[in-house]
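One structure is given below, encoded as structure tokens.
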Amino acid sequence: MALEVKEPSAVIEKNPTHALAVKNVLFATDFSAASEAALPYAVALCRRFGSTLHMVHVLSEVNVLMATGGVDYVSMGTIYEDANTEAKERMEQLAANLHGIDHHSYLRHGEVWSNLAGVMRDKEVDLIVLGTHGRTGFGKLLLGSVAEDILRHARCPALTVGPRISERVKLPELGAGGAQLAPPELELRQIVCATNLDSNALAVASDAVRLAEEFQARLTLLHVMEDYAKLGNRPGPIDDSLQRLQNLVPSDAALAYVPEVLLEYGSVASTILKVAADREADLLVLGAHAAADMLRSTHLPWSTAHQVIVQAHCPVLTIRG
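Read in my numbering, the sequence shown has 62 at position 62, and its numbers run on one by one without any break.
Below, the structure is given as structure tokens:
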């Protein structure tokens, strides 16, 4: 069941007023296939915005020990040294693909999240790009709990690329040793921004609007009401929600198309995924609560956001409020 206000064919003729700046992009990798599938998106965004790409791999003794299945203390030093050498080679291989992109590579040692947070702070990172596995269950993202730390604690938006990305929006892989024939180009024709209309809704919608302006994309603003049994026949909450969605778009927004405002009822995660699939979205935008607030959120708790991220057929941009 849905209520919507839309004018998909109407064109708004305005001059762009909202510049979108992405100066520094961080790409976190553990060298897995899922991780490296996200690299073309980081490269494409850097090419589009003239950004500097910061590639980071963190080598920790815990991860090395787990990968080897457990070894004695004497052997650990040799294994760690070999892992360090291999990591350097892998970073060089990835960097060989970055023709025409200003980039820096970092091989750090120790606790993963603290190292990533340090690079993000020192380099004033505007956007994080990482891949995800399609596993179910709490916290089963690439880099394990580290990806959860990124999405919970990072002060800048994070773009996640999952294994269910459709061929329509999937960017070509970067060839080994720079063998790629053409640089990846990112096209956003349809953006779906899902919001629970809380205190960070305006900030999330503002970024979605700027992206729609930049790419001249269609924009859908979506609010899902999960508990609608008490609404009865009273139109007040419905009208109020639709109006609040419409108010999220600035009056001077230079959008190519009148945004679609959509109110849906049902399970939040599945409804967001269905709306994105029905509209063949190229990007999903979600709001994320600060770490201290996420457990108190009843509309988009971590389990819901996680379901959307790992099951989406397009990249998901998570914005912290």
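For glycine and all other residues, C-beta sits at the position ideal for the given N, C-alpha and C.
Computed from a prediction, not measured in an experiment: that's the story for all the values here.
Taking a C-beta distance under 9 Å as the contact criterion, residue 288 and residue 108 do not qualify as a contact pair.
Shown here for residue 119: same chain residues with a beta carbon closer than 8 Å to its own, the five before and five after excluded, namely 26, 54, 56, 106, 108 and 125 in chain order. The Cβ atoms of residue 313 and residue 269 lie no closer than 9 Å to each other.
Under the Cβ criterion (8 Å, minimum of three pairs), the stretch 153–165 does not count as touching the stretch 246–258. Straight-line measurement puts the Cα of residue 43 at about 20 Å from the Cα of residue 164. Separation of residue 60 and residue 37 (C-alpha to C-alpha, rounded to the nearest whole angstrom) is 22 Å. With distances taken between CA atoms, residue 20 lies nearest to 127 out of 306, 261 and 127. The beta carbon of residue 306 is closer than 6 Å to none in its chain, skipping five residues each way along the sequence. Within the same chain, Cβ atoms closer than 6 Å to the Cβ of residue 149 are found at 113, the five residues on either side in sequence being excluded. Beta-bridge pairing by DSSP links residue 24 to 52. Between the stretch 81–94 and the stretch 259–277 there are fewer than three C-beta pairs closer than 8 Å, too few to call the two in contact. DSSP places residue 169 outside both helix and strand once states are collapsed to three, so it counts as coil. CA-CA distance, residue 89 to residue 116, rounds to 20 Å. In the same chain as residue 41, and ignoring 5 residues on each side of it, the C-beta atoms closer than 7 Å to its own belong to 129, 159, 161, 171, 186 and 315, in chain order.
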